[in-house]
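Engineer:
In our numbering, the protein residues as written are 15 to 274.
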């Protein structure tokens, strides 16, 4: 499939999606959200891909926000529809994907850009990264899950302050807050993220997908995370990967997982 605003490369079972709108600092518009949604969906079904890495082109920005020119004249109904469609097609879709999605945050991750990074399963940042949710400066609030995911990641008080002040934080502050897992140099960002991806790839894909589901369940209204864990734990026993993993352990060899 040809995409207008993203680039995709696949190497050693890691698919790297690069948001490629450098003249717009990779800002999200409807076309880019559609490209990302379609690409993630396609890669989720590709057996040659075990981990997805999401990053931005250039050194200035991961995603510097939403494309404001696209919705500046929207009505209340159109605004709500914009948020609902974006959350369903991309942000929630990534969060609930059974394949791990890692955000490699290079440069600015603001507004919808930070919301996109937070939808990923975890984040690695370059040391020049700056993150924030500045929507209140436009008379808006975050609309792609920012008011929900930011408090989950850094706590209610810090999230309230970041959103109400529209302040940007540095990569090191983001690490201190628990918003990103690692901070590395710009030059190391993708190679460092790939090292983590390769560690994930060594493990059982079915089990990783179930772990993602169980962890997410704790943050969903009406879901009991413990019940989800128990059911998912049991389902793992019916897989070839479980048989391979336990057999390899007893035979003192490395397991060769297939995801079945």
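Glycine included, each C-beta is placed from N, C-alpha and C at the ideal position. A quick note: this is a predicted structure, and the numbers were derived from the prediction, not measured.
Would residue 198 and residue 206 qualify as a contact pair, given that the criterion is a beta-carbon distance under 7 Å?
Structural biologist: For residue 198 and residue 206, yes; Cβs fall inside 7 Å.
Engineer: Count the other CB atoms within 10 Å of the CB of residue 238; is the residue buried (16 or more) or exposed (fewer)?
Structural biologist: Classification for residue 238: exposed.
Engineer: Distance check for residue 250 and residue 221, CA to CA, integer angstroms please.
Structural biologist: Their Cα atoms are separated by approximately 6 Å.
Engineer: Just to confirm before moving on: does the CB-CB distance between residue 121 and residue 76 stay below 7 Å?
Structural biologist: Yes.
Engineer: Tell me the DSSP secondary structure of residue 155 in three-state form.
Structural biologist: Coil at residue 155, not helix or strand.
Engineer: Given this structure, state the Cα-to-Cα distance separating residue 34 from residue 69, to the nearest angstrom.
Structural biologist: Answer to the nearest angstrom: the Cα atoms are 9 Å apart.
Engineer: Could you please give the first and the last residue of the uninterrupted alpha helix (DSSP H) stretch that includes residue 161?
Structural biologist: 160-168 is the extent of the alpha helix (DSSP H) around residue 161.
Engineer: Closest by CA to residue 231, which one among 246, 219 and 217?
Structural biologist: Nearest option by C-alpha distance: 246.
Engineer: Could you give the first and the last residue of the continuous alpha helix (DSSP H) run that contains residue 327?
Structural biologist: The chain is shown only over 15 to 274; residue 327 falls outside these bounds and no answer can be derived.
Engineer: Is the number of C-beta pairs between the region 137-144 and the region 177-193 that are closer than 8 Å three or more?
Structural biologist: The region 137-144 is in contact with the region 177-193.
Engineer: May I ask which residues mark the beginning and end of the alpha helix (DSSP H) holding residue 44?
Structural biologist: From DSSP, the alpha helix (DSSP H) with residue 44 extends over 44-58.
Engineer: Identify the residues that DSSP records as bridge partners of residue 123: which are they?
Structural biologist: Partner(s): 77 and 145.
Engineer: Assign residue 149 to buried or exposed, taking buried as 16 or more other Cβ atoms, counted over all protein chains shown, within 10 Å of its Cβ.
Structural biologist: Residue 149 is buried by the Cβ-count criterion.
Engineer: On the CB-based measure, 16 or more other CB atoms within 10 Å of its CB, does residue 88 come out buried or exposed?
Structural biologist: With fewer than 16 other Cβ atoms within 10 Å, it is exposed.
Engineer: Near residue 31, which residues of its chain fall below 6 Å by C-beta distance, leaving aside the five closest residues on each side in sequence?
Structural biologist: Correct list, in chain order: 20, 22, 53 and 68.
Engineer: For a test of the three-state rule: what should DSSP assign to residue 70, helix, strand or coil?
Structural biologist: Three-state result, residue 70: strand.
Engineer: Within 10 angstroms of the Cβ of residue 224, are there 16 or more other Cβ atoms? Answer buried if so, exposed if not.
Structural biologist: Label assigned to residue 224: buried.
Engineer: Identify every residue that forms a DSSP beta bridge with residue 115.
Structural biologist: The partner list for residue 115 (beta bridge, DSSP) reads 66.
Engineer: Output yes or no for whether 7 Å exceeds the beta carbon distance between residue 123 and residue 66.
Structural biologist: Contact flag unset, no.
Engineer: Report the residue from 96, 189 and 210 whose alpha carbon sits nearest the alpha carbon of residue 159.
Structural biologist: Nearest C-alpha to residue 159: 96.
Engineer: Report yes if the CB atom of residue 111 is closer than 7 Å to the CB atom of residue 58, and no otherwise.
Structural biologist: Yes, they are a contact pair.
Engineer: Verify whether the separation of the beta carbon atoms of residue 168 and residue 193 is less than 7 Å.
Structural biologist: Their beta carbons are under 7 Å apart, which means residue 168 touches residue 193 by this criterion.
Engineer: For residue 80, which residues from the same chain have a beta carbon less than 7 Å from its beta carbon, with the 5 sequence-adjacent residues on both sides left out?
Structural biologist: For residue 80, where only same-chain residues beyond five positions count, the Cβ hits under 7 Å are 41, 42, 125 and 126.
Engineer: Quick check: the Cα distance between residue 98 and residue 163, rounded to an integer number of angstroms?
Structural biologist: Approximately 15 Å between the Cα atoms of the pair.
Engineer: Could you tell me the boundaries of the alpha helix (DSSP H) in which residue 180 lies?
Structural biologist: Element bounds for residue 180: n/a, residue is neither H nor E.
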